[in-house]
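The next block holds one structure in the form of structure tokens; read it before the comments.
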Amino acid sequence: MFPGDGKTPYASNGYNWLLTDYVVEDASYYSLRDINFGFRLPKAIAKSLKFNTLRLYVSAQNLYYHTAKGYRGLNPEGRFSSGPYNTSLIDGYQRGTFPIPKTLIFGVDINF
17 MFPGDGKTPY ASNGYNWLLT DYVVEDASYY SLRDINFGFR LPKAIAKSLK
67 FNTLRLYVSA QNLYYHTAKG YRGLNPEGRF SSGPYNTSLI DGYQRGTFPI
117 PKTLIFGVDI NF
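With the first letter of the sequence shown counted as 1, position 15 gets the number 31 in the numbering used here; the numbers rise by one all the way through.
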């Protein structure tokens with residue numbers, strides 16, 4: 017008899033759990049990838065500041081990323097296809113992947 021939660025396999029019982037569906041997870045996700053928002057000031061205001069046009073903008077990448085409940089990986093899209101991680105039988109979760117970076121860019125577009 018094995019004590020525990022009844023779901024987690026023991027590594028010491030001589031069975032290779034990587035060859036079962038225990039290591040398969042729901043990797044479904046949805047994300048908000050790119051947002052661009054810009055505002056061009058009216059020409060009268062731009063002219064008063066001695067510009068032809070003046071535009072303010074903000075851009076965001078990977079602003080929101082939601083994975084399935086209980087997903088243990090860093091990035092469901094990430095997977096190396098070369099080197100030591102080129103097989104799905106490598107022990108561990110998402111080896112060779114990186115977290116998804118978030119980027120915010122603010123800017124001003126001025127035309128003289």
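All C-beta atoms, glycine included, are put in the ideal place defined by N, C-alpha and C.
Beta-carbon gap between residue i and residue j smaller than 7 angstroms
i   : j    : result
Y80 : L120 : no
E41 : Y87  : yes
Assigned exposure category for residue i - 16 Cβ within 10 Å defines buried
i   : result
M17 : Only weak support is given to the placement of M17: the predicted model assigns it a pLDDT of 47, under 50, and the question is left unresolved by the model.
P92 : buried
heavy atom of the ligand FMN below 6 angstroms from residue i C-beta
i   : result
Q77 : Looking at this structure, you won't find the ligand FMN or any other ligand, since it has none at all.
Residues near residue i in its chain [Cβ-Cβ closer than 6 angstroms; skip 5 each side]
i   : result
A76 : I51, L120
Ordered list of alpha helix (DSSP H) runs contained in the region 30-101, each at least 4 residues: 59-64
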